[in-house]
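Here you go:
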């Protein structure tokens, strides 16, 4: 099952650097070395950069509006330069208009470098985290604050590694199906409200709002904390949205012919990205979790180039084999 790909870069919602210094993002362990200078600059990109060769004067390696991270490699290079060369290298990066510069591992820069950042109006920040850990945490924060988001009603479950977004009218059994999938060893991502963000290039990732993280609300029964009930292996904080499974009530006639006539493949547009969608009739006696497992397994087979429907169609077009045995009258 596939839909036309989308490679359009995701638009961003600029946020000021001071947002990263708020208590909400204390896990970044950021502190400012330049006071209030530069904290109103806007962050324009959801990914960070390591300046690397930009310190040696390669202009194309610094994108304006991105956060630049000075890690071990940058420190080693700067330490080998004379004081004048070190200051010139940092000033060159500052001239390219970064959103801010972050020094990792609690590193310190020379007072002249701090003064140069302050004069350029660029915030110079420090964190005690290692570069790899900090960049991973910062990417999560920037995705939350910068990337466009849409809230979808439904249940997002990781089924065998396939991100399945279950949608449909209220009371049709989406949350109960999600709970049954969890008991079968799959992982809950979000229930009720699914925040879907668009990552470049054209990737949709779903996550729960902080208030409802790891919880599942079954109508008429109550709210369950899946992490507490089933452990960390039963939940995920986010997952790519790869399939939309829309639950619908059976047609009034209730005939199988109506269901058989439903489209085998549809697409649902989220932002400007087409996501494969299947419509499933939620009727009494139908075990939806088993059906969803089969759909997920079939999707995995398709990724390996095996399409069961195509194989059946090819087989049905073959002429019947001669079963006469080739014998004649003796």
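In my numbering, the protein residues as written are 881 to 1210. Quick reminder that beta carbons are idealized off the backbone N, C-alpha and C, glycines included.
Nearest by alpha-carbon distance to residue i: which of the options is it?
| i | options | result |
| --- | --- | --- |
| residue 991 | 966, 1011, 975, 1077 | 966 |
| residue 988 | 1017, 1183, 1082, 956 | 956 |
| residue 1217 | 919, 904, 903 | There is simply no residue 1217 to check, as the chain begins at 881 and stops at 1210 in what is shown. |
| residue 1119 | 1044, 1028, 1014 | 1044 |
| residue 1174 | 960, 1073, 1040, 954 | 1040 |
| residue 953 | 963, 931, 942, 968 | 931 |
| residue 1106 | 894, 1066, 1177 | 1066 |
| residue 1016 | 1183, 926, 976, 1062 | 926 |
| residue 1163 | 1014, 1131, 1019 | 1131 |
| residue 1062 | 1128, 1114, 1014 | 1114 |
| residue 985 | 969, 1179, 958, 1013 | 1013 |
| residue 1109 | 1167, 1025, 949, 1059 | 1059 |
| residue 831 | 1083, 1064, 1056 | Since the first residue shown for the chain is 881 and the last is 1210, residue 831 is missing from the structure and cannot be characterised. |
| residue 974 | 962, 949, 959, 961 | 949 |
| residue 898 | 958, 1025, 1020 | 1025 |
| residue 1038 | 1183, 1169, 904, 1194 | 1169 |
| residue 1075 | 1112, 1111, 1117, 1054 | 1117 |
Which partner residues does residue i have in the DSSP bridge list?
| i | result |
| --- | --- |
| residue 1127 | 1160 |
| residue 1146 | 1157 |
| residue 1104 | 1096 |
| residue 1073 | 1033 |
| residue 948 | 929, 981 |
| residue 1119 | 1086 |
| residue 1006 | 911, 983 |
| residue 1079 | 1083 |
| residue 896 | 922 |
| residue 1039 | 1042 |
| residue 1067 | 1038 |
| residue 1047 | 1126 |
Short check: CB of residue i to CB of residue j, under 9 Å?
| i | j | result |
| --- | --- | --- |
| residue 935 | residue 972 | yes |
| residue 1086 | residue 1103 | no |
| residue 1153 | residue 1078 | yes |
| residue 1155 | residue 1018 | no |
| residue 1187 | residue 1181 | yes |
| residue 893 | residue 1081 | no |
| residue 983 | residue 913 | yes |
| residue 1176 | residue 1042 | yes |
My understanding is that residue i touches residue j, with C-beta atoms under 8 Å, so please give their C-beta distance in whole angstroms.
| i | j | result |
| --- | --- | --- |
| residue 921 | residue 1023 | Residue 921 to residue 1023, Cβ: 19 Å. No contact. |
| residue 945 | residue 923 | 7 Å |
| residue 1001 | residue 917 | 6 Å |
| residue 1030 | residue 1150 | 7 Å |
| residue 951 | residue 1011 | 3 Å |
| residue 1007 | residue 909 | 5 Å |
| residue 942 | residue 911 | Not a contact, Cβ separation roughly 23 Å. |
| residue 1157 | residue 1147 | 6 Å |
| residue 968 | residue 947 | Rounded, the Cβ-Cβ distance is 22 Å, inconsistent with contact. |
Inset, instruction - Inspect the CB distances between the region 992-1002 and the region 1031-1040 and report whether three or more fall short of 8 Å. - result: no
Legend entry - Any 3 or more C-beta pairs closer than 8 Å across the region 1096-1105 and the region 1123-1133: no
Legend entry - the region 1048-1057 in contact with the region 1079-1095 per 3-pair CB rule at 8 Å: no
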